[in-house]
Amino acid sequence: MIFRIFEKKELKNLFEILAAHNKVVGPVEIGKDKQCNPIYAFTEVSDFNSIKLDYTTTKLPAKRYFLPFHEDLSTFRIKDNNWQKTIDYNADRPLIFFGLHPCDINALNKLDKVLLHSVFPMPYYVAKRKNMFIIGIDCVPQPFCFCRSMGSDTALHGFDMFITNLGTRYFVEILTDTAYNFLKNIKTEEPKEKDHILYMKSAAERNKKFTAKVDTTDLAKILDMEFQSDVWKQWGDKCLACGTCANVCPTCYCYGVEETVDINLKSARKTKMLHSCNLIDFAEVAGGHNFRPERHSRLKYRYYHKHRGFVEAFEESLCVGCGRCGESCLAGIKVPEVIASVRGGKKR
Amino acid sequence: MKPELKFVDIISQQPKMQKRKNDLSSFEYTYRAEITSMYQLTDMETLYRIQIVNPEERRRFAFIPGQFLMLEIPGIGEAPFSISSSPSIHGEVELCIRKAGNLTNFLSKVGRGAIVGIRGPFGTGFPMEEMHGQNILLIAGGLGLVPLRSPIAYVQENRSHFREVNIVYGTKSPQHLLFTYQYDVWIKDDINLNIIVEKADPSWIGSVGMLTDTLMKILEGRDNEFYHNTYAIVCGPPVMFKFVCNMLNKFNIPMQKMFVSLERRMHCGMGKCCRCNVGSTYTCLKGPVFDYWTVMNLKEAI
Amino acid sequence: MKAKESESKTYLGIPLYRPKVAFFEFSSCEGCQLQIINNENTLLDFLSLVEVVNFREAMTEKSDDYEIAFVEGSITRNDEAERLKKIRKNAKILVALGSCACFGGVNQLKNRFNNIEWVKKQVYGKHPIDTAPVRALEEVVNVDLRIYGCPIKKEEVEKIVLHVVLGKSIDIPKYPVCMECKANENICLFDLGEPCLGPITRAGCDSWCPNNNAGCWGCRGPAEDANVGYMKKIMKEKGFSEKTILERLDCFGGFAQFPELKKKGKH
Ligand SMILES: Cc1cc2nc3c(=O)[nH]c(=O)nc-3n(C[C@H](O)[C@H](O)[C@H](O)COP(=O)(O)OP(=O)(O)OC[C@H]3O[C@@H](n4cnc5c(N)ncnc54)[C@H](O)[C@@H]3O)c2cc1C
Ligand code: SF4
Ligand code: SF4
Ligand code: SF4
Ligand code: SF4
Ligand code: SF4
Ligand code: FES
Numbered sequence: 101m102i103f104r105i106f107e108k109k110e111l112k113n114l115f116e117i118l119a120a121h122n123k124v125v126g127p128v129e130i131g132k133d134k135q136c137n138p139i140y141a142f143t144e145v146s147d148f149n150s151i152k153l154d155y156t157t158t159k160l161p162a163k164r165y166f167l168p169f170h171e172d173l174s175t176f177r178i179k180d181n182n183w184q185k186t187i188d189y190n191a192d193r194p195l196i197f198f199g200l201h202p203c204d205i206n207a208l209n210k211l212d213k214v215l216l217h218s219v220f221p222m223p224y225y226v227a228k229r230k231n232m233f234i235i236g237i238d239c240v241p242q243p244f245c246f247c248r249s250m251g252s253d254t255a256l257h258g259f260d261m262f263i264t265n266l267g268t269r270y271f272v273e274i275l276t277d278t279a280y281n282f283l284k285n286i287k288t289e290e291p292k293e294k295d296h297i298l299y300m301k302s303a304a305e306r307n308k309k310f311t312a313k314v315d316t317t318d319l320a321k322i323l324d325m326e327f328q329s330d331v332w333k334q335w336g337d338k339c340l341a342c343g344t345c346a347n348v349c350p351t352c353y354c355y356g357v358e359e360t361v362d363i364n365l366k367s368a369r370k371t372k373m374l375h376s377c378n379l380i381d382f383a384e385v386a387g388g389h390n391f392r393p394e395r396h397s398r399l400k401y402r403y404y405h406k407h408r409g410f411v412e413a414f415e416e417s418l419c420v421g422c423g424r425c426g427e428s429c430l431a432g433i434k435v436p437e438v439i440a441s442v443r444g445g446k447k448r
Numbered sequence: 187m188k189p190e191l192k193f194v195d196i197i198s199q200q201p202k203m204q205k206r207k208n209d210l211s212s213f214e215y216t217y218r219a220e221i222t223s224m225y226q227l228t229d230m231e232t233l234y235r236i237q238i239v240n241p242e243e244r245r246r247f248a249f250i251p252g253q254f255l256m257l258e259i260p261g262i263g264e265a266p267f268s269i270s271s272s273p274s275i276h277g278e279v280e281l282c283i284r285k286a287g288n289l290t291n292f293l294s295k296v297g298r299g300a301i302v303g304i305r306g307p308f309g310t311g312f313p314m315e316e317m318h319g320q321n322i323l324l325i326a327g328g329l330g331l332v333p334l335r336s337p338i339a340y341v342q343e344n345r346s347h348f349r350e351v352n353i354v355y356g357t358k359s360p361q362h363l364l365f366t367y368q369y370d371v372w373i374k375d376d377i378n379l380n381i382i383v384e385k386a387d388p389s390w391i392g393s394v395g396m397l398t399d400t401l402m403k404i405l406e407g408r409d410n411e412f413y414h415n416t417y418a419i420v421c422g423p424p425v426m427f428k429f430v431c432n433m434l435n436k437f438n439i440p441m442q443k444m445f446v447s448l449e450r451r452m453h454c455g456m457g458k459c460c461r462c463n464v465g466s467t468y469t470c471l472k473g474p475v476f477d478y479w480t481v482m483n484l485k486e487a488i
Numbered sequence: 011m012k013a014k015e016s017e018s019k020t021y022l023g024i025p026l027y028r029p030k031v032a033f034f035e036f037s038s039c040e041g042c043q044l045q046i047i048n049n050e051n052t053l054l055d056f057l058s059l060v061e062v063v064n065f066r067e068a069m070t071e072k073s074d075d076y077e078i079a080f081v082e083g084s085i086t087r088n089d090e091a092e093r094l095k096k097i098r099k100n101a102k103i104l105v106a107l108g109s110c111a112c113f114g115g116v117n118q119l120k121n122r123f124n125n126i127e128w129v130k131k132q133v134y135g136k137h138p139i140d141t142a143p144v145r146a147l148e149e150v151v152n153v154d155l156r157i158y159g160c161p162i163k164k165e166e167v168e169k170i171v172l173h174v175v176l177g178k179s180i181d182i183p184k185y186p187v188c189m190e191c192k193a194n195e196n197i198c199l200f201d202l203g204e205p206c207l208g209p210i211t212r213a214g215c216d217s218w219c220p221n222n223n224a225g226c227w228g229c230r231g232p233a234e235d236a237n238v239g240y241m242k243k244i245m246k247e248k249g250f251s252e253k254t255i256l257e258r259l260d261c262f263g264g265f266a267q268f269p270e271l272k273k274k275g276k277h
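Protein sequences, first through last, are from chains A, B and C. Under this note's numbering, the very last position in the first sequence is 448; numbers go up by exactly one each time. Under this note's numbering, the very last position in the second sequence is 488; numbers go up by exactly one each time. Under this note's numbering, the very last position in the third sequence is 277; numbers go up by exactly one each time.
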């Protein structure tokens, strides 16, 4: 890995050079909540000053840029009794992501495992993913962040460059030659020993700020053992089956497909819509049989997919510990609490 | 150098001669296929013969018994169906489809010559070669005969490779029996056909009762040599295969030699939509055909 | 208003059924019917799929020969109930159009007042008329299809009609509004300190109200498996009063069957 260091004001130069030739997505403030805390979101930006690099977690991840909520998989032209199918992967340009936190980068790495590197890679994702240039940025752990428990508090790959705030300067890790060449446009230096020390100090400071924790020891096995546990029913009684947890999750990728005929009868389309396993119809089949009719069985399945199934397939869980689902869940269903209660078994 | 990113075209970049399983462009690609004939089997079920239009694609399309494909009618829908014909015929499949909802109702209205889209084949199949030299029990309840028709065709074509072959088939009533026109040929191929209906009508002269009764008669009084050298393929509603497999288990037929086919909701067939998961196992990738040991170890399977 | 007499349409070679449709309204604002003719872009295509034989908003000639009856509004008077029964007899498919028809809609609010005479006086002033408690259509006749919303969403009506014509099944979302609201990337109203019934209300409106920065009032009625009890608890914990919560749940009548509402306080 190549390291450089540069003055903070240089970042604006970098942004402007990149934004002049490319589309850039970054974190901005879109409003304030009722306690007057800012609400952040990822959106296309053209002005460096609108980017909030010290943002806490965004409500929604940058998912719509790589897994849109709705996306046409194909369109059809219908003529008499014949049809023509057109497939479009809905990616037409590269995008620069200016300031993704480690959890969100790790989320992409997890999605890569199932959508890019496994059998039947999904071109709709791959086309967008291969056209992402990612600038990572370090963050301040919030009370709800348990990424450290999930091993997602630092990103080792999946980005082009990663910047860390060292007070007056940024320390940058460079992973790709594209990033290396981009950085030639601004003034950077070779970091010195004292910069390394500063970097390590800042990392140690950050580590102290993690408060939320999940005990993942043997979790896959425990989920199996506690499959019939009553705690699931208790959580199921609270769950609203609203799907918000999946929508705000940077790693949830499941979907449903719907085909529709346009009202002129001359065209039709096949649309993919992100779904959520908490929704009532997730496992319903023709004739109305539902394999998971109860809220608790669906909620349980959510944990099953994330902390057991994915682990079995890829040796890691499908959760980066960003805490978004718990923060957005109106019923207050939070991963650390759910897992602690399942670990606690019947005692609760 | 202008700091401008170049658009990466993933399709032109991927190496030629890919396998379907890692070819990006095959993800949403559907073979255009023609419904060459349709034959109504019962009130609810129709057998469709479907042929891939392009001769080159037809030559390449091969499957193993037990696999399924996704059938699409543009604008109407797409759904999974078991392939119900001989694996030795390439590029042409038979599907037996029950009217159950949106797509299947529409399908019952299209005529000969209609063009549909198919993707696949997907999923696991029955390990027919592993069964060579063994006895076979093919046990079907109701629509479960549909996926069994492919292994039956395989057995017929390779009859010398198998020892005793029994079909045990149960339905609600005689009107529900599928593929009646084929029974004579099965019997001539030295396959024991045991049919039982839950409720007879006046014309019915065969057995009446539960499928497990018939199975019991076949299994009782055999020696261990028979039990240890028998494979079973069981298809039907979950309650049925649970009873059947438990019975087979009592006779010491190894669980790894019993195969069942699971049905779940499916929207992709390729391990992406998650709709088909049982516990946390993808039915479309690891199944639909599972050995019974695996099913026992799946949460939510039965 | 008549579509050009085209020979019967086909889709992928399958001849389509071109039903005769009629629109009727009872006690309502006729806003739902307006929605349908408001859609200039697709109106002609829509009209070529069906044969409209009766449409109060837009035509003078009327006929009793129809297959699909779209009925808007709720039933408040006995003569209305009789008229509805007649429509039921004529129609093969009776569609309840809009919240009033599906649940009683805003109209059913008056059921909360025990003293019907008082309501009559308040609502109808010096012209007392025969008014019974407000009923949804299905309390009087069998309803085959329901199109939810106040007002209905024209895209949804078009889709449902198209599906009837094509013989496709009609799938109205079973999940709640939050699903659409998140896809629209709205700020959650609860973050802003506002109440919202999105988590328990049937989706399909594309989260119309939250898109406009207003909490959902539940006009489309409950989602399937709606957890009304716990939602009420959550809203209480967030500081909303029983009255605020019940007002919302009561507004369109969709939640009337839930026990949480049957125990409602006095007004
Ligand atoms: C591996 C497998 C093999 C099958 N083989 C056959 C067969 O040989 N013959 C046959 O008649 N049926 C078979 N089915 C069931 C068949 O897929 C359903 O009957 C069909 O999906 C109904 O679609 P529909 O649009 O008519 O019904 P709708 O109820 O309108 O279905 C709507 C959507 O739900 C999903 N869906 C509904 N039911 C099922 C289901 N049971 N399984 C998966 N997805 C479902 C589909 O995505 C469908 O598009 C099989 C299912 C699976 C999983
Ligand atoms: S866990 Fe929370 S966010 Fe997820 S579906 Fe249930 S109520 Fe909604
Ligand atoms: S499950 Fe929750 S904490 Fe884990 S990645 Fe998803 S949103 Fe973040
Ligand atoms: S956890 Fe549930 S919502 Fe998330 S990807 Fe898995 S199945 Fe989908
Ligand atoms: S604003 Fe309402 S509909 Fe939207 S997410 Fe919040 S509760 Fe759900
Ligand atoms: S958000 Fe709620 S009140 Fe508003 S249109 Fe949708 S269902 Fe009706
Ligand atoms: S059918 Fe989509 S994951 Fe199995």
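Ideal Cβ positions, reconstructed from N, Cα and C, are used throughout, including at glycine.
- Against chain B, the CB of Asp362 of chain A has a partner CB under 9 Å away; the residue lies at that interface.
- Contact between Val357 of chain A and Leu160 of chain A is ruled out by a C-beta separation of about 22 Å, above the 8 Å threshold.
- Residue-level contact check: Val296 of chain B touches chain C, since one or more beta carbons of chain C fall below 9 Å from its beta carbon.
- Here DSSP, grouped into helix, strand and coil, assigns Pro333 of chain B to helix.
- Restricted to the segment 190-262 of chain B, the beta strand (DSSP E) segments that are unbroken, complete and at least 3 residues in length are 217-226, 231-238, 254-259, listed in chain order.
- DSSP, read as helix, strand or coil, puts Val420 of chain A in coil.
- Taking CB atoms only, Asp55 of chain C has no neighbour in chain B less than 9 Å away.
- For Tyr369 of chain B, the CB stays at least 8 Å from every heavy atom of ligand 7.
- Collapsing the DSSP output to three states places Lys295 of chain B in coil.
- Nearest to His405 of chain A by C-alpha distance, out of B:Asn463, B:Ser270, B:Gly395, is B:Asn463.
- A straight line joining the alpha-carbon of Glu273 of chain A with that of Ile263 of chain A spans about 6 Å.
- For Val438 of chain A, same chain residues with a beta-carbon under 7 Å away, outside a window of 5 residues either side, are Trp335, Tyr403 in chain order.
- Counting the other Cβ atoms within 10 Å of the Cβ of His407 of chain A gives 16 or more, which makes it buried.
- Within chain A, no residue has its beta carbon less than 7 Å from that of Lys428 of chain B; the closest one is some 15 Å off.
- If you look at Asp277 of chain A, you'll find it in the alpha helix (DSSP H) that goes 277-283.
- Residues of the segment 180-193 of chain C with a C-beta less than 7 Å from any C-beta of chain A: Lys184, Tyr185, Pro186, Cys188, Met189, Lys192, Ala193, listed in chain order.
- Counting other Cβ atoms within 10 Å of its Cβ, Gly330 of chain B reaches 16 or more and is therefore classed as buried.
- Take the alpha-carbon of Asn222 of chain C and the one of Phe106 of chain A: they are about 44 Å apart.
- Under DSSP, the beta-bridge partners assigned to Asp172 of chain A are A:Thr371.
- Rounded to whole angstroms, the separation of the alpha carbons of Cys460 of chain B and Ser218 of chain A is 14 Å.
- The beta carbon of Asn281 of chain A falls within 9 Å of a beta carbon belonging to chain B, placing the residue at that interface.
- Residues of chain B with a Cβ closer than 9 Å to the Cβ of Lys178 of chain C are, in chain order, Gly261, Ile262, Gly263, Asn288, Leu289, Asn291, Phe292.
- Using a C-beta cut-off of 8 Å, the segment 225-234 of chain C makes contact with the segment 203-217 of chain C, since at least three inter-stretch Cβ pairs fall below that distance.
- Among the residues of the segment 193-219 of chain B, none has a Cβ less than 7 Å away from any Cβ of chain C.
- Proximity of the beta carbon of Val420 of chain A to ligand 3 is indicated: a heavy atom of the ligand is located closer than 8 Å.
- A distance filter of 7 Å between CB atoms and the heavy atoms of ligand 5 selects the following residues in sequence order: A:Cys342, A:Thr344, A:Leu430, C:Val187, C:Cys188, C:Cys191, C:Lys192, C:Asn196, C:Cys198, C:Leu199, C:Phe200, C:Cys206, C:Gly208, C:Pro209, C:Ser217, C:Pro220, C:Gly225, C:Cys226.
- Within the segment 152-190 of chain C, the runs of alpha helix (DSSP H) at least 4 residues long that lie entirely inside it are, in chain order, 164-176.
- Straight-line measurement puts the Cα of Ile304 of chain B at about 40 Å from the Cα of Leu405 of chain B.
- In this structure, the straight-line span from the alpha carbon of Cys422 of chain A to that of Glu415 of chain A is close to 19 Å.
- Using a CB distance cut-off of 9 Å, Met325 of chain A does not count as an interface residue toward chain C.
- In the three-state DSSP reduction, Trp390 of chain B falls in the coil class, being neither helix nor strand.
- Counting only the Cα atoms, Gly108 of chain C lies some 22 Å from Asp55 of chain C.
- In terms of side-chain proximity, the C-beta atom of Thr254 of chain C is found no nearer than 8 Å to any non-hydrogen atom of ligand 6.
- The beta-carbon distance between Asn152 of chain C and Arg98 of chain C, rounded to whole angstroms, is 7 Å. This is short enough to meet the 8 Å contact definition.
- At a Cβ-Cβ threshold of 9 Å, Cys421 of chain B and Phe308 of chain B do not count as neighbours.
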